[in-house]
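Residue numbers (the UniProt record's numbering): 1 to 150.
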């Protein structure tokens, strides 16, 4: 049976598409299904931010085919674990949970590693360095996740 992992950020255009692409690159698609979503529906149907696409390509990962979608309560039934990028996303996702079992599926991505902080900063309003910084953080966390689910 496949492990199903969902990555969630605010708009599903910067952080969560990177997390989806990175974790996919580190796992066997026959054993692990990875998707991403946003807590807000601002960009539904759009491709990820060009800067996220560029930083992923720089590291040999193609996320240009991804399409943004909004997180829904149905995702609790579909996914085994839901990784969120920050505390705001955490709260927004938990609001849709129906019970403790669903709440237990929600985790902060950076809780998988010890960086001294647990929120992936939103690089949207910054420059390219912010996207590289986010890539590096997410990559470290996804390495740990991939080892856990392999």
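Note that CB positions come from ideal geometry on N, CA and C, so glycine has one too.
Can you check DSSP and say which residues form a bridge with residue i?
{"i": "residue 33", "result": "4"}
{"i": "residue 107", "result": "83"}
{"i": "residue 142", "result": "For residue 142, which the question treats as bridged, DSSP gives no partner whatsoever."}
Identify, in the order they occur along the chain, each residue of the same chain with its Cβ nearer than 6 Å to the Cβ of residue i, setting aside the five sequence neighbours on each side.
{"i": "residue 48", "result": "13, 17, 63, 66"}
{"i": "residue 22", "result": "138, 139, 142"}
{"i": "residue 123", "result": "14, 130, 131, 134"}
{"i": "residue 5", "result": "34, 81"}
Go ahead and pull the three-state DSSP assignment for residue i.
{"i": "residue 96", "result": "coil"}
{"i": "residue 115", "result": "coil"}
Using the C-alpha atoms, what's the distance from residue j back to residue i?
{"i": "residue 79", "j": "residue 112", "result": "18 Å"}
{"i": "residue 31", "j": "residue 146", "result": "11 Å"}
{"i": "residue 89", "j": "residue 139", "result": "19 Å"}
{"i": "residue 26", "j": "residue 34", "result": "11 Å"}
{"i": "residue 10", "j": "residue 52", "result": "14 Å"}
{"i": "residue 3", "j": "residue 61", "result": "21 Å"}
{"i": "residue 55", "j": "residue 1", "result": "32 Å"}
{"i": "residue 128", "j": "residue 107", "result": "27 Å"}
{"i": "residue 118", "j": "residue 91", "result": "14 Å"}
Return the chain-ordered list of same chain residues with a C-beta closer than 8 Å to the C-beta of residue i, the five sequence neighbours on each side being excluded.
{"i": "residue 8", "result": "16, 36, 37, 38, 39, 71, 82, 83, 84, 85, 89, 93"}
Apart from the five residues on each side of it in sequence, which residues of its chain come closer than 7 Å, Cβ to Cβ, to residue i?
{"i": "residue 153", "result": "Coverage of the chain is limited to positions 1 through 150, which leaves residue 153 absent and any answer about it impossible."}
{"i": "residue 45", "result": "67, 68"}
{"i": "residue 96", "result": "73"}
{"i": "residue 102", "result": "76"}
{"i": "residue 143", "result": "26"}
Along the chain, which unbroken stretches of the beta strand (DSSP E) at least 3 residues long are found entirely within the segment 15-94?
32-38, 81-84
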